Ligand SMILES: [Zn+2]
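Residue numbers (this note's numbering): 300 to 495.
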C-alpha cells in the first residue's frame, strides 16, 4: 500500500537464521543456550537491512527499537547512514483491551495469520489450504503471561514515548476499534509522511 519495505525484527531474525549469515550464526549460539540475543547482534541485523537499496525511498521498522539503548543505537546508525526517521507511530490501546485481544487470539498454524473471535473472526486465510482446524493458541498468550509482558513493555518500551516526543517525531494513533478502522488511521497517518 505504501510501497516501502516493512522491516520486522522477527522476520530479520528468521531470515538471518535461514540464510546462515554470520549474524544469524552468532544469534543461534545464544538461542541454543537459551540466552537472550545481545542488542549488538539485533542492531547489526537492522543496520545491515537498512543499508540495502530497497530502503532508499523509506522503510517501516516494526518491533525495533524496544528499549532506550536500542533507540539511541538506532539514532546513531541512521546518522552514520545519513538517514533519519520521519515519524514514530504510537498505537494507544489500554492494557485491559490488550489482554482481551491477545488472550482470545487464535493463530493459523500454516500461515501465522492471527484471528480473534470478537475482533477479527476467522473466515478465510490468505493461504487457501488453511481451515479453521489449523487455528491454535500460543502458550504465551495466557492472561498471566500477557500481564507480565505488559509490565516489561511499561518498564522498558514506554520510555521511548518521551524519547521520541522530545525529538518531535511522535504521532499518536487511537488503537481502539476494529482492525479495518485502526488500519485506515495508520495508513492515513503514514501517507502524510511518505514522499509520494
Ligand atoms: Zn492460514
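A virtual CB, placed ideally from N, CA and C, is assigned to each residue, including glycine. This one's a predicted model, so the numbers in the text were calculated from it and none came from an experiment.
Could you have a look at residue 398 and say whether DSSP puts it in helix, strand or coil?
It is helical.
Assuming residue 424 is part of the alpha helix (DSSP H), what are its boundary residues?
It is not in any alpha helix (DSSP H) - residue 424 carries neither H nor E in the DSSP assignment.
Would you report the Cα separation of residue 325 and residue 491, rounded to the nearest angstrom?
Cα to Cα, the separation comes out at about 39 Å.
With DSSP as the reference, label residue 309 as helix, strand or coil.
The answer is helix: DSSP assigns residue 309 an H, G or I state.
Mind reading off the beta-carbon distance from residue 341 to residue 308? Whole number of angstroms is fine, and I expect it under 8 Å.
Between the beta-carbon of residue 341 and that of residue 308 there is about 6 Å, and that keeps the pair under the 8 Å contact cut.
Which of the three DSSP states is assigned to residue 392 in this structure?
Secondary structure at residue 392: coil, using DSSP grouped into helix, strand and coil.
Sorry if obvious, but does the Cβ on residue 497 come closer than 7 Å to a heavy atom of ligand 1?
Past the boundaries of the shown model lies residue 497; the chain is included only from 300 to 495, so the question cannot be answered.
What is the rounded straight-line gap between the Cα of residue 392 and the Cα of residue 477?
Cα to Cα, the separation comes out at about 12 Å.
To which residues of the same chain is residue 500 closer than 8 Å at the C-beta, ignoring the five residues directly before and after it?
There is no way to answer for residue 500, as the model of the chain reaches only from 300 to 495.
Heavy atom of ligand 1 within 7 Å of residue 426 beta-carbon
Under cutoff, so the answer is yes.
Which of the three DSSP states, helix, strand or coil, is assigned to residue 301?
For residue 301, the secondary structure class from DSSP, reduced to helix, strand or coil, is coil.
Can you find at least 3 beta carbon pairs, one from the segment 399-408 and one from the segment 364-380, that sit closer than 8 Å?
Short answer: they don't touch.
Per DSSP, cross-strand counterpart(s) of residue 483
Bridge pairing for residue 483: absent [DSSP].
Would you call the segment 464-481 and the segment 383-402 in contact, with 3 or more CB pairs under 8 Å?
Pairwise C-beta distances place the segment 464-481 in contact with the segment 383-402, as three or more of them are shorter than 8 Å.
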